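Asks: Residue numbers (the working numbering), protein chains in the order written: chain A, 1 to 343; chain B, 1 to 343.
Protein chains: 2
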Amino acid sequence: MQKRVSMADVAQHAGVSGQTVSRVVNNSPRVDPATRARVERAMATLGYRPHRAARALRTGRTHTIGLVVSTLATVGNSRMLQAVADAAASRGFALTVVTLGGSDDVSAAFERLVEQGVDGAIVLNEATAAARGARIPPGLHLVVVDSLPDDRFVGVQTDHAGGARAAVEHLLQLGHEEVWHVAGPRGSFAAEQRESAWRDVLVSAGATVPNVLRGDWSAASGAAAGVELAKAGATAVFCANDQMALGVLRALAEAGREVPDDVAVVGFDDVADAAQYRPPLTTVRQNFDVLGERAVAMLVHSIDGTGHTREEHDREEHDRDEHDRAGRVATTLVVRQSTRVGR
Amino acid sequence: MQKRVSMADVAQHAGVSGQTVSRVVNNSPRVDPATRARVERAMATLGYRPHRAARALRTGRTHTIGLVVSTLATVGNSRMLQAVADAAASRGFALTVVTLGGSDDVSAAFERLVEQGVDGAIVLNEATAAARGARIPPGLHLVVVDSLPDDRFVGVQTDHAGGARAAVEHLLQLGHEEVWHVAGPRGSFAAEQRESAWRDVLVSAGATVPNVLRGDWSAASGAAAGVELAKAGATAVFCANDQMALGVLRALAEAGREVPDDVAVVGFDDVADAAQYRPPLTTVRQNFDVLGERAVAMLVHSIDGTGHTREEHDREEHDRDEHDRAGRVATTLVVRQSTRVGR
DNA sequence: GGGGCGCATGGTAACGTCAACATGGCACCT
DNA sequence: AGGTGCCATGTTGACGTTACCATGCGCCCC
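1) What does A:Leu95 pair with, by DSSP beta-bridge criteria?
2) Chain A beta carbons: is any one of them nearer than 8 Å to that of B:Ser78?
3) Using CA coordinates, which residue listed in B:Gly117, B:Val227, B:Thr331 and B:Arg112 is at the minimum distance from B:Trp180?
4) Under 9 Å, CB to CB, which of the residues in the stretch 215-234 of chain B have a partner in chain A?
5) Determine the closest residue to B:Ser6 out of B:Ala42, B:Pro185, B:Tyr48 and B:Val98, with distance taken between C-alpha atoms.
6) Shorter than 8 Å from the beta carbon of A:Arg285 to some beta carbon of chain B?
7) Taking the alpha-carbon positions, what's the B:Gln116 to A:Ala164 distance?
8) Excluding the 5 residues preceding and the 5 following B:Ser196 in the sequence, name in chain order all residues of the same chain whose CB lies nearer than 7 Å to its CB.
9) Residues bridged to A:Ala121 by DSSP?
10) In terms of residues, what are the limits of the alpha helix (DSSP H) holding A:Gln157?
11) Check whether the stretch 203-212 of chain B touches the stretch 131-150 of chain B, taking contact to mean three or more Cβ pairs, one atom from each stretch, closer than 8 Å.
12) From the beta carbon of A:Met7, is the nearest beta carbon of chain B less than 8 Å away?
13) Just to confirm, are B:Leu95 and B:Ala88 a CB contact at a threshold of 8 Å?
14) Does the beta carbon of B:Ala34 come closer than 8 Å to any beta carbon on chain A?
15) Would you call B:Leu229 buried or exposed, if buried means 16 or more other Cβ atoms sit within 10 Å of its Cβ?
16) Pick helix, strand or coil for B:Gly184, following the three-state DSSP scheme.
17) Using only the heavy atoms of the ligand ADP, determine whether one of them is closer than 7 Å to the beta carbon of A:Leu299.
18) What residues in its chain sit with their C-beta under 7 Å from that of A:Val334, if we drop five residues either side in the sequence?
19) At a Cβ threshold of 8 Å, is B:Asp104 touching chain A?
20) So which residues of chain A does B:Leu95 contact, with C-beta pairs closer than 7 Å?
21) On the CB-based measure, 16 or more other CB atoms within 10 Å of its CB, does A:Ser17 come out buried or exposed?
22) What does A:Leu72 reach in chain B if we use C-beta pairs closer than 7 Å?
23) What does DSSP give as the partner residue(s) for B:Phe268 in the beta ladder?
24) Excluding sequence positions up to five away, which residues of its chain have a Cβ less than 8 Å from the Cβ of A:Ala295?
25) Could you check whether B:Ala56 and B:Thr62 sit closer than 8 Å to each other, using their CB atoms as the reference points?
26) Can you grab the Cα-Cα spacing for the pair A:Arg23 / A:Pro33, in whole Å?
27) Please report how far the alpha carbon of A:Arg199 lies from the alpha carbon of A:Asp151, in whole angstroms.
28) How long is the line joining the alpha carbons of A:Ser107 and A:Ala134, rounded to whole angstroms?
29) Relative to chain B, which residues along the stretch 40-69 of chain A have a C-beta separation below 7 Å, given in chain order?
30) Residues of chain A with CB under 7 Å from B:Arg328, in chain order?
31) Strictly below 9 Å CB to CB, what residues from chain A border B:Leu249?
32) Mind checking if B:Asp269 is an interface residue toward chain A, Cβ cutoff 8 Å exclusive?
33) Could you tell me whether any Cβ in chain A is nearer than 8 Å to the Cβ of B:Leu246?
34) On the criterion of 16 or more Cβ atoms from any shown chain inside 10 Å, does B:Pro149 qualify as buried, or is it exposed?
35) Flag this pair as yes or no: are the beta carbons of B:Pro280 and B:Arg336 separated by less than 8 Å?
36) Using a Cβ-Cβ cut-off of 8 Å, state whether A:Gln243 counts as contacting chain B.
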């Protein structure tokens, strides 16, 4: 059980002061190249690892970010978590996850994160409605994903409206005159965006706007909506996410309605399983990786203040190609067999 | 921008020494009730929060655990993450997530976790094969989920064999004489357990044992297997997870084989969506929450050494009712419409 | 040629907490 | 009455790191 290797050990081994070791570790320019090499050799030999807790105590930065998410039961949230985890890791930040557990108490989640000493946090869409009223602990940097703009925090969004528009226009182009919508839960920004884009497209196309059916993102709620759709004789449906579309597909099948021959169905997200639904689902693909990367980039930027490495700058430059000017991450319509030209 | 409230502030406000505040915070019995009350009032007034980094520096424990997972793309892994996150939170531990990103390099993941100063880590099944050869940093407590027993770490498992047995026996009782199997990837302990239980049941029932089809847990790989199943004229299939079953269902449908009339299909996990597959999937339900809770309990126990609060003891007592004596977490067969009595 | 400046490096203190030891008071015993 | 021991509380220093200031050296310029 060997003792932990500290800076002092490295300093002694390299014949310099601890301060110089610190400068090497932190890439300070004020170090002679020869000295730097000697210190680096000593670090390698001894297997030195900086002590995060000590550094955190001294600097007040833990290099840890938190992720607040209402649940990981929806596939979209899981995908975001993965994207955020990878983006954080690539910047040397640890990620700690806090779920709301159905309590809607974002303030409590913030408290817990602060207690765990995170430098900042990313809040996923489901939690944003609650976040709106939440007390934000002073000094907690925040990036909110898929929320209304707010002057209390910055945000990152997918272009929900653009994606929904593409979906509905696709259905209209297929000759459908009425497009139903299975929306996400009230209070979800993403759900609201998709819903109002759906409505806008129908209105400006002069099409009739059916009543909205509302689910809670789950496949079961989609099935309930599907029963209504069959009853109403819907011929085209845009679902606010893939999982609800799965439920819709099953309910329609049980009611004896064929997809895509009797009813066309479009989803949102392009979850991995969507290509294996029956039939394979036409859906709007979200770029979760870019979204997560951007959220982390913004958060880290905000934490670091003005600190701006060349590498980061390039990364941001590069990202900007992949989403539109307003900062919304672009989507792609993926056409599969749940919609078909020439019904 | 007010300064952080430290122990010294509380001490001064309450008219005691810092040490006494420390004792109150840590529930030391050697504090006069009146003094304790006074200190607690001062803490509440000032909004004191212990500084984790300082505590970690002093004690060497960060109260943070890591989770190593190969990917979050499989729904089972996401469910486990949620269960682990909640269990950790209820014990006051933070959870930091590390994904392998397809690299299979568990040693590197361990290094990163150690660098982030975790007290211990939980490794999910996909990563265990790789973990077998990995260098375990000294002092890193480890709990491995769904792995072969090993003397280098302790483990927690679902009763995969029992679940698979129930699934296959269910199919045999339905009158099927041949049951096919779509297995998980080589090197996965869970996949191996399910596969060999499937084989054992068939052998001891005197049934023929078809060739194993192998997937990678994804729905797409399930669809590929489904094509083979249709070609071979299979009438009963046990899939090693629900997502592969989804692919099988679609492939069978495309080949014109009806489920459950022509083919009976059983899955594993009972993912939230399984009840909305077409048809709703008969499957083996895993109790992820108990599994996660147990993994965290074991890890924390190992970290704390002999430390054993009364509350923890009760919790373990209670858990023991929900899984079998050997410590494997029990499963439940959930019969839905993808299998039907009296074909 | 002396004053000043830039650069590499070192010394010191402090971040907030807790373990170890020290202290002082009071009750109980002989 | 003096001693013994327990209990509540205080004092001191250290965990590993970095910010701030100090030092010493060589070089340039008027």
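Heads up, the beta-carbon is just placed ideally off N, CA and C, and yes, glycines get one too. In this text the structure is predicted, and so the values were computed from the model without any measurement.
Replies: Reading from the atomic positions:
1) If you number the first sequence from 1, residue 95 of chain A lands on position 95. DSSP links A:Leu95 through a beta bridge to A:Ile65.
2) For the purposes of this step, residue 78 of chain B is identified with residue 78 of the second sequence, where counting begins at 1. True, the Cβ-Cβ gap to chain A drops below 8 Å.
3) Along the second sequence, one-based indexing puts residue 180 of chain B at 180. Of B:Gly117, B:Val227, B:Thr331 and B:Arg112, the residue nearest in Cα terms is B:Val227.
4) Residues of the stretch 215-234 of chain B with a C-beta less than 9 Å from any C-beta of chain A: Ser218, Ala219, Ala220, Gly222 and Ala223, listed in chain order.
5) Against the second sequence, residue 6 of chain B aligns to sequence position 6. Ranked by how close their Cα comes to the Cα of B:Ser6, the residues B:Ala42, B:Pro185, B:Tyr48 and B:Val98 have B:Tyr48 in first place.
6) Residue 285 of chain A sits at position 285 when you count from the first residue of the first sequence. Residue contact with chain B for A:Arg285: absent (no Cβ-Cβ distance below 8 Å to any residue of chain B).
7) As a working note, residue 116 of chain B is residue 116 in the second sequence. As a working note, residue 164 of chain A is residue 164 in the first sequence. Spanning the two alpha carbons is a distance of roughly 41 Å.
8) Residue numbering aside, residue 196 of chain B sits at position 196 when the second sequence is read from its first letter. Nothing listed; no residue qualifies.
9) On the first sequence, residue 121 of chain A is found 121 positions in, with the first residue counted as 1. Note: A:Ala121 sits in a beta bridge opposite A:Gly66 and A:Leu142.
10) Here the question's residue 157 of chain A lines up with position 157 in the first sequence. Here A:Gln157 belongs to no alpha helix (DSSP H); instead the beta strand (DSSP E) covers Val154 to Thr158.
11) Proximity of the stretch 203-212 of chain B to the stretch 131-150 of chain B falls short of the contact definition, fewer than three beta-carbon pairs being nearer than 8 Å.
12) Residue mapping note: residue 7 of chain A aligns to position 7 of the first sequence, counting from 1. No, because no Cβ of chain B sits closer than 8 Å to the Cβ of A:Met7.
13) Here residue 95 of chain B is taken as the residue at index 95 of the second sequence, counted from 1. Here residue 88 of chain B is taken as the residue at index 88 of the second sequence, counted from 1. Yes, these two residues count as a Cβ contact at 8 Å.
14) The residue labelled residue 34 of chain B in the question sits at position 34 within the second sequence. At a cut-off of 8 Å between beta carbons, B:Ala34 makes no contact with chain A.
15) Taking the second sequence and counting its residues from 1, one reaches residue 229 of chain B at position 229. It counts as buried.
16) Numbered from its first residue, the second sequence carries residue 184 of chain B at position 184. B:Gly184: coil per DSSP, three-state reduction.
17) With respect to small molecules bound, the structure shown includes none, and the ligand ADP cannot be examined in it.
18) Taking the first residue of the first sequence as position 1, residue 334 of chain A is located at position 334. So the qualifying residues of the chain are Asp270, Thr282, Thr283 and Arg285.
19) Here residue 104 of chain B is taken as the residue at index 104 of the second sequence, counted from 1. Output row for B:Asp104: interface = no.
20) Numbered from 1 along the second sequence, position 95 holds the residue referred to as residue 95 of chain B. Near B:Leu95 (Cβ distances below 7 Å), the residues of chain A are Thr96 and Val97.
21) Counting from one through the first sequence, the residue named residue 17 of chain A turns up at place 17. The residue is exposed, with fewer than 16 neighbouring Cβ atoms inside 10 Å.
22) The count along the first sequence starts at 1 and reaches residue 72 of chain A at position 72. Residues of chain B passing the Cβ test: Ser78, Leu81 and Gln82.
23) Numbered from its first residue, the second sequence carries residue 268 of chain B at position 268. B:Val284.
24) Stepping through the first sequence from its first residue, residue 295 of chain A is reached at position 295. Hits under 8 Å: Val84, Ala87, Ile122, Val143, Val145 and Val156.
25) Indexing the second sequence from 1 puts residue 62 of chain B at position 62. Indexing the second sequence from 1 puts residue 56 of chain B at position 56. In this structure, B:Ala56 lies closer than 8 Å to B:Thr62 by Cβ.
26) The residue you call residue 23 of chain A lines up with position 23 of the first sequence. The residue you call residue 33 of chain A lines up with position 33 of the first sequence. Taking the straight line from one Cα to the other gives about 12 Å.
27) Here the question's residue 199 of chain A lines up with position 199 in the first sequence. Here the question's residue 151 of chain A lines up with position 151 in the first sequence. Spanning the two alpha carbons is a distance of roughly 28 Å.
28) Along the first sequence, read from residue 1 onward, the residue named residue 107 of chain A stands at position 107. Along the first sequence, read from residue 1 onward, the residue named residue 134 of chain A stands at position 134. Here the alpha carbons of A:Ala134 and A:Ser107 stand approximately 5 Å from one another.
29) Hits within the stretch, in order: Arg49, Arg52, Ala53, Ala54, Ala56, Leu57 and Thr62.
30) By one-based count along the second sequence, residue 328 of chain B stands at place 328. Identification of chain A residues near B:Arg328 by a Cβ-Cβ cut-off of 7 Å yields none; the smallest Cβ-Cβ distance measures about 24 Å.
31) The residue given as residue 249 of chain B occupies position 249 in the second sequence. Chain A residues near B:Leu249: Gln276 and Arg278.
32) Here the question's residue 269 of chain B lines up with position 269 in the second sequence. For B:Asp269, the answer is no, since every Cβ of chain A falls outside 8 Å of its Cβ.
33) Numbered from its first residue, the second sequence carries residue 246 of chain B at position 246. True, the Cβ-Cβ gap to chain A drops below 8 Å.
34) The count along the second sequence starts at 1 and reaches residue 149 of chain B at position 149. Counting Cβ neighbours within 10 Å, B:Pro149 comes out exposed, since fewer than 16 surround it.
35) The sequence position of residue 280 of chain B within the second sequence is 280, counting from 1. The sequence position of residue 336 of chain B within the second sequence is 336, counting from 1. B:Arg336 sits close to B:Pro280, with the two beta carbons spaced by under 8 Å.
36) Translated into the one-based positions of the first sequence, residue 243 of chain A becomes position 243. Taking CB atoms only, A:Gln243 has a neighbour in chain B less than 8 Å away.
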